[in-house]
Amino acid sequence: MSSLGTWRDGINDRRKGAGYFLTLNGDPSFKPADYIKYRAVQRDQSLALIEEWSRWMIDLQKSPYEVMRRTAVAAPALTQNNLDEYYQDRVSVDREQDALESSRRQLRAADGQLTSRIQKRQGKSNRYVNEFIEGERDNVDTVACDGEADLVDDEREGDPMGNERGEDPAYTLRVEYKADVVDDEREQDLEYTPR
Numbered sequence: 010m011s012s013l014g015t016w017r018d019g020i021n022d023r024r025k026g027a028g029y030f031l032t033l034n035g036d037p038s039f040k041p042a043d044y045i046k047y048r049a050v051q052r053d054q055s056l057a058l059i060e061e062w063s064r065w066m067i068d069l070q071k072s073p074y075e076v077m078r079r080t081a082v083a084a085p086a087l088t089q090n091n092l093d094e095y096y097q098d099r100v101s102v103d104r105e106q107d108a109l110e111s112s113r114r115q116l117r118a119a120d121g122q123l124t125s126r127i128q129k130r131q132g133k134s135n136r137y138v139n140e141f142i143e144g145e146r147d148n149v150d151t152v153a154c155d156g157e158a159d160l161v162d163d164e165r166e167g168d169p170m171g172n173e174r175g176e177d178p179a180y181t182l183r184v185e186y187k188a189d190v191v192d193d194e195r196e197q198d199l200e201y202t203p204r
């Protein structure tokens, strides 16, 4: 009767905590910490686990299966210290998970703020580009005009575009116009690059 495949037959599967013993594989090994994790009861109910474990070990020492008797005799007692360690670990894990979730929320919020700032800055940049292009088109005699503008951060004093409005824009725009100009019935390429 010492077969490893039959020792589970001696366990009452309707008894509290039986699932722990029935899920053990191979040679059984009874560990209080694993039993506490398996039962996962609330802290205020945990003292009952000490008595529950003790009854299991007493009953398993009377098992008809030798492997169960030997394992139950060798098993350590479940103590208050085992319970304290389990709940301390659980609190630590819960705190780590809370901290990770809080970090995730903060990252999402920061990402949203950054996206908003980028979109806002892009909107301002596009407005400055469009205003400049419209203003410069008025200053060039052209029949047809296609322009492209690149936005460049400029920290120089004064008006980098040389206009007379006296503004100190935050950006320098490099605009290159290539246009077909009709002058004295000759076609010329006009290249205009303001600074």
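Residue numbers for the sequence shown, in the numbering used here: 10 to 204.
Cβ coordinates follow ideal geometry from the N, Cα and C atoms, glycine included.
Distance CB(residue i)-CB(residue j) smaller than 8 angstroms
| i | j | result |
| --- | --- | --- |
| N91 | P41 | yes |
| L31 | D43 | no |
| L87 | L58 | yes |
| W16 | V82 | no |
Alpha-carbon to alpha-carbon, residue j and residue i
| i | j | result |
| --- | --- | --- |
| S261 | A49 | In the structure displayed, the chain extends from 10 to 204; residue 261 sits before or after that span and is not available. |
| E4 | G26 | No answer is possible for residue 4: the residues shown for the chain start at 10 and end at 204. |
| E70 | D18 | This sequence places Gln at residue 70; Glu is not what is there. Using only the alpha carbons, I get a separation of about 15 angstroms. |
| R99 | Y29 | 19 angstroms |
| S111 | S72 | 50 angstroms |
| Q122 | K46 | 42 angstroms |
| S125 | D107 | 27 angstroms |
| Y180 | E140 | Interpretation of Y180 is limited by its pLDDT of 45, a score under 50 that renders its predicted location unreliable; the figure taken from the coordinates is listed afterwards. The alpha-carbon atoms of Y180 and E140 are separated by roughly 12 angstroms. |
| Q128 | N135 | 10 angstroms |
| Q131 | L109 | 32 angstroms |
| A119 | M66 | 55 angstroms |
| E143 | R117 | 39 angstroms |
| T80 | Y74 | 10 angstroms |
| K133 | E105 | 42 angstroms |
| I2 | R113 | Look at the range of the chain in this structure, 10 to 204, and you will see that residue 2 is not part of it. |
| S63 | D53 | 18 angstroms |
| D68 | V102 | 34 angstroms |
| Y137 | Q97 | 59 angstroms |
| Q115 | A84 | 47 angstroms |
| E60 | F39 | 15 angstroms |
| Q89 | R78 | 24 angstroms |
| R24 | Q51 | 19 angstroms |
Checklist entry - In chain order, which continuous runs of the alpha helix (DSSP H) of length 4 or greater are located wholly inside the stretch 31 to 102? => result Taken in chain order, the whole alpha helix (DSSP H) runs of length 4 or more contained in the stretch 31 to 102 are 41 to 48, 56 to 69 and 75 to 83.
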